[in-house]
Amino acid sequence: MSSRDSVQIPDDRDFDQFRTECNSEAGWHLTYHRSGIAVWIQMLEAEKSLQKIKCRMDCKDISAEILYDVLHDIEYRKKWDTNVIETFDIGKLTVNADVGYYAWKCPKPLKNRDVITLRSWLPMDSDYIIMNYSVKHPKYPPRKDMVRAVSIQTGYLIQGKGAKNCSLTYLAQVDPKGSLPKWVVNKSSQFLAPKVSWDQFLPPFCSYTWSHLVLGRPPARCWE
1 MSSRDSVQIP DDRDFDQFRT ECNSEAGWHL TYHRSGIAVW IQMLEAEKSL QKIKCRMDCK
61 DISAEILYDV LHDIEYRKKW DTNVIETFDI GKLTVNADVG YYAWKCPKPL KNRDVITLRS
121 WLPMDSDYII MNYSVKHPKY PPRKDMVRAV SIQTGYLIQG KGAKNCSLTY LAQVDPKGSL
181 PKWVVNKSSQ FLAPKVSWDQ FLPPFCSYTW SHLVLGRPPA RCWE
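Everything in the sequence shown is counted per the UniProt record's numbering, starting at 1 for the first residue and increasing by one.
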(Lines of atoms letter the chains of each structure in order from A and count residues from 1; the text may use other names and numbers.)
(Lines give C-alpha, C1' and ligand atoms only; values in the text may rest on other atoms or scores of the structure.)
Protein backbone atom coordinates (compact mmCIF):
# COMPACT_ATOMS: atom_id res chain seq x y z
CA MET A 1 0.00 0.00 0.00
CA SER A 2 1.37 3.41 -0.94
CA SER A 3 0.65 7.04 -0.22
CA ARG A 4 -2.71 8.27 -1.41
CA ASP A 5 -2.72 10.19 -4.66
CA SER A 6 -5.98 11.96 -3.79
CA VAL A 7 -6.38 13.95 -0.60
CA GLN A 8 -9.46 13.22 1.48
CA ILE A 9 -9.88 15.22 4.66
CA PRO A 10 -11.47 13.12 7.42
CA ASP A 11 -15.00 14.01 8.49
CA ASP A 12 -16.89 13.38 11.75
CA ARG A 13 -17.62 9.79 10.76
CA ASP A 14 -13.91 9.08 10.30
CA PHE A 15 -13.09 10.49 13.73
CA ASP A 16 -15.91 8.52 15.34
CA GLN A 17 -14.74 5.33 13.63
CA PHE A 18 -11.17 5.94 14.81
CA ARG A 19 -12.35 6.43 18.40
CA THR A 20 -14.45 3.27 18.22
CA GLU A 21 -11.46 1.25 17.03
CA CYS A 22 -9.27 2.67 19.78
CA ASN A 23 -11.81 1.66 22.43
CA SER A 24 -12.64 -1.76 20.98
CA GLU A 25 -10.90 -4.94 22.08
CA ALA A 26 -12.74 -7.25 19.66
CA GLY A 27 -10.29 -8.81 17.22
CA TRP A 28 -7.29 -7.49 19.16
CA HIS A 29 -4.72 -9.69 20.93
CA LEU A 30 -3.27 -8.34 24.18
CA THR A 31 0.50 -8.85 24.12
CA TYR A 32 1.66 -6.66 27.01
CA HIS A 33 0.02 -5.29 30.16
CA ARG A 34 2.12 -3.83 32.93
CA SER A 35 2.47 -0.63 34.98
CA GLY A 36 -0.47 1.14 33.35
CA ILE A 37 0.64 0.29 29.80
CA ALA A 38 -1.24 -2.14 27.54
CA VAL A 39 -0.32 -3.20 24.00
CA TRP A 40 -2.54 -5.03 21.51
CA ILE A 41 -1.88 -6.28 17.99
CA GLN A 42 -4.34 -7.08 15.22
CA MET A 43 -3.13 -9.37 12.48
CA LEU A 44 -4.63 -9.01 9.01
CA GLU A 45 -4.41 -12.01 6.66
CA ALA A 46 -1.71 -13.69 8.72
CA GLU A 47 1.77 -12.55 7.64
CA LYS A 48 0.72 -11.15 4.27
CA SER A 49 -0.28 -7.76 5.66
CA LEU A 50 1.14 -5.32 8.14
CA GLN A 51 -0.48 -5.71 11.52
CA LYS A 52 -2.11 -2.91 13.42
CA ILE A 53 -0.73 -2.07 16.84
CA LYS A 54 -2.45 -0.27 19.68
CA CYS A 55 -0.89 1.03 22.87
CA ARG A 56 -2.77 2.57 25.80
CA MET A 57 -1.20 4.39 28.73
CA ASP A 58 -2.71 5.79 31.91
CA CYS A 59 -1.45 9.34 32.38
CA LYS A 60 -1.60 10.79 35.87
CA ASP A 61 -1.28 14.43 36.88
CA ILE A 62 -1.80 15.75 33.37
CA SER A 63 -5.09 16.80 31.83
CA ALA A 64 -6.36 15.65 28.43
CA GLU A 65 -6.18 19.23 27.14
CA ILE A 66 -2.51 19.65 28.07
CA LEU A 67 -1.56 16.30 26.57
CA TYR A 68 -3.41 17.30 23.39
CA ASP A 69 -1.38 20.52 23.24
CA VAL A 70 1.88 18.64 23.80
CA LEU A 71 1.28 16.17 21.00
CA HIS A 72 0.34 19.00 18.65
CA ASP A 73 3.29 21.27 19.36
CA ILE A 74 5.89 20.49 16.67
CA GLU A 75 8.62 22.68 18.14
CA TYR A 76 8.23 21.11 21.55
CA ARG A 77 8.28 17.63 20.06
CA LYS A 78 11.94 18.12 19.25
CA LYS A 79 12.61 18.26 22.99
CA TRP A 80 10.84 15.07 24.08
CA ASP A 81 10.99 12.87 20.95
CA THR A 82 14.50 11.39 20.98
CA ASN A 83 14.02 9.79 17.55
CA VAL A 84 13.06 12.89 15.58
CA ILE A 85 15.55 14.16 12.98
CA GLU A 86 13.42 16.86 11.40
CA THR A 87 9.76 17.83 11.46
CA PHE A 88 7.86 20.80 10.07
CA ASP A 89 4.51 21.92 8.70
CA ILE A 90 4.19 22.08 4.92
CA GLY A 91 0.82 23.77 4.73
CA LYS A 92 -2.60 24.09 6.30
CA LEU A 93 -5.62 22.72 4.42
CA THR A 94 -8.53 23.55 6.73
CA VAL A 95 -9.05 24.76 10.29
CA ASN A 96 -8.36 21.23 11.54
CA ALA A 97 -6.12 19.66 8.89
CA ASP A 98 -2.59 20.21 7.60
CA VAL A 99 0.21 18.48 5.73
CA GLY A 100 3.55 17.93 7.41
CA TYR A 101 6.96 16.27 7.18
CA TYR A 102 8.53 14.01 9.80
CA ALA A 103 11.88 12.18 9.70
CA TRP A 104 13.12 9.85 12.40
CA LYS A 105 16.17 7.80 13.35
CA CYS A 106 16.16 4.03 12.94
CA PRO A 107 18.49 1.60 14.72
CA LYS A 108 21.54 0.54 12.72
CA PRO A 109 21.95 -0.95 10.17
CA LEU A 110 18.53 0.29 9.04
CA LYS A 111 18.27 3.46 7.00
CA ASN A 112 16.45 6.40 8.57
CA ARG A 113 12.82 6.93 7.58
CA ASP A 114 10.65 9.91 6.70
CA VAL A 115 7.00 10.45 5.90
CA ILE A 116 4.65 13.07 4.47
CA THR A 117 1.26 12.99 6.16
CA LEU A 118 -2.08 14.69 6.18
CA ARG A 119 -2.82 15.31 9.84
CA SER A 120 -6.27 16.15 11.17
CA TRP A 121 -7.59 16.73 14.67
CA LEU A 122 -10.86 17.16 16.53
CA PRO A 123 -11.98 17.60 20.15
CA MET A 124 -14.97 15.32 20.85
CA ASP A 125 -16.66 16.02 24.20
CA SER A 126 -13.96 15.21 26.78
CA ASP A 127 -11.90 13.32 24.18
CA TYR A 128 -9.30 14.63 21.73
CA ILE A 129 -8.24 12.93 18.49
CA ILE A 130 -5.19 13.50 16.28
CA MET A 131 -4.78 11.19 13.30
CA ASN A 132 -2.88 11.04 10.03
CA TYR A 133 -2.25 9.13 6.83
CA SER A 134 0.44 9.39 4.16
CA VAL A 135 0.06 11.64 1.14
CA LYS A 136 2.33 12.70 -1.70
CA HIS A 137 3.63 16.24 -2.18
CA PRO A 138 5.36 17.42 -5.38
CA LYS A 139 7.78 19.67 -3.50
CA TYR A 140 8.92 16.90 -1.16
CA PRO A 141 9.81 13.77 -3.19
CA PRO A 142 11.60 10.83 -1.50
CA ARG A 143 15.14 11.66 -0.37
CA LYS A 144 18.19 9.59 -1.27
CA ASP A 145 19.37 9.47 2.34
CA MET A 146 15.98 8.29 3.68
CA VAL A 147 13.43 5.57 3.05
CA ARG A 148 9.96 7.04 2.52
CA ALA A 149 7.65 5.18 4.90
CA VAL A 150 3.87 5.04 4.62
CA SER A 151 1.40 5.77 7.40
CA ILE A 152 -1.66 3.73 6.53
CA GLN A 153 -3.44 4.77 9.70
CA THR A 154 -1.84 6.43 12.70
CA GLY A 155 -3.26 8.51 15.49
CA TYR A 156 -3.85 9.37 19.13
CA LEU A 157 -7.00 9.24 21.22
CA ILE A 158 -6.77 11.25 24.44
CA GLN A 159 -9.57 10.68 26.95
CA GLY A 160 -10.09 12.81 30.01
CA LYS A 161 -10.28 11.03 33.36
CA GLY A 162 -11.21 13.92 35.59
CA ALA A 163 -9.51 17.31 35.81
CA LYS A 164 -5.93 16.07 36.22
CA ASN A 165 -5.76 12.60 34.67
CA CYS A 166 -6.26 11.08 31.22
CA SER A 167 -5.50 8.07 29.08
CA LEU A 168 -3.57 8.05 25.81
CA THR A 169 -4.26 5.46 23.11
CA TYR A 170 -1.88 5.23 20.15
CA LEU A 171 -3.15 3.30 17.13
CA ALA A 172 -0.88 2.67 14.15
CA GLN A 173 -0.52 0.73 10.94
CA VAL A 174 2.71 1.83 9.27
CA ASP A 175 4.69 0.36 6.39
CA PRO A 176 8.38 1.22 6.92
CA LYS A 177 9.14 0.20 3.32
CA GLY A 178 12.68 -0.74 2.39
CA SER A 179 13.74 -4.39 2.15
CA LEU A 180 12.35 -5.60 5.48
CA PRO A 181 9.94 -8.54 5.18
CA LYS A 182 6.51 -7.82 6.67
CA TRP A 183 6.84 -10.61 9.24
CA VAL A 184 10.01 -8.98 10.58
CA VAL A 185 8.25 -5.62 10.89
CA ASN A 186 5.29 -7.23 12.64
CA LYS A 187 7.43 -9.22 15.06
CA SER A 188 9.71 -6.33 15.99
CA SER A 189 6.80 -4.01 16.75
CA GLN A 190 5.59 -6.41 19.46
CA PHE A 191 8.87 -6.00 21.32
CA LEU A 192 9.47 -2.30 20.67
CA ALA A 193 6.05 -0.95 21.64
CA PRO A 194 6.28 -1.70 25.41
CA LYS A 195 9.58 0.17 25.55
CA VAL A 196 7.73 3.40 24.76
CA SER A 197 7.12 4.00 28.45
CA TRP A 198 5.11 6.87 29.88
CA ASP A 199 7.97 7.42 32.34
CA GLN A 200 10.10 8.63 29.41
CA PHE A 201 7.64 11.38 28.57
CA LEU A 202 6.23 12.45 31.95
CA PRO A 203 9.10 14.84 32.84
CA PRO A 204 8.91 16.68 29.49
CA PHE A 205 5.12 16.91 29.77
CA CYS A 206 5.41 18.33 33.29
CA SER A 207 8.01 20.79 32.03
CA TYR A 208 5.65 21.81 29.25
CA THR A 209 2.83 22.38 31.73
CA TRP A 210 5.06 24.52 33.93
CA SER A 211 6.65 26.65 31.21
CA HIS A 212 3.59 27.20 29.05
CA LEU A 213 0.88 27.54 31.67
CA VAL A 214 2.44 28.59 34.96
CA LEU A 215 5.05 30.90 33.45
CA GLY A 216 2.62 32.22 30.87
CA ARG A 217 4.30 31.11 27.65
CA PRO A 218 1.43 29.46 25.77
CA PRO A 219 2.02 27.64 22.48
CA ALA A 220 1.03 29.27 19.23
CA ARG A 221 -1.86 26.78 19.00
CA CYS A 222 -2.07 26.74 15.22
CA TRP A 223 -4.31 23.70 15.74
CA GLU A 224 -7.14 25.83 17.13
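Even glycine gets a Cβ: it sits at the ideal position worked out from N, Cα and C.
Model, not experiment: these values are computed from the prediction.
Between T154 and C22, the CB-CB gap reaches or exceeds 8 Å. For the set S151, D127, I62, the Cα lying nearest the Cα of D16 is the one of D127. Residue environment analysis places R13 among the exposed positions, since fewer than 16 neighbouring C-beta atoms fall within 10 angstroms of its C-beta. Secondary structure remark: continuous alpha helix (DSSP H) runs of at least 4 residues inside the stretch 114–153: none found. Under the three-state reduction of DSSP, V84 is assigned to strand. Three or more beta-carbon pairs drawn from the stretch 108–126 and the stretch 145–152 are found closer than 8 Å, and the two stretches are therefore classed as touching. Looking at the DSSP output, V174 bridges to S151.
Taking each of I9, V99, I53 in turn and checking the Cα distance to H29, the smallest one comes out for I53.
Taking a 10 Å sphere around the C-beta of H33, we find fewer than 16 other C-beta atoms and assign the residue as exposed.
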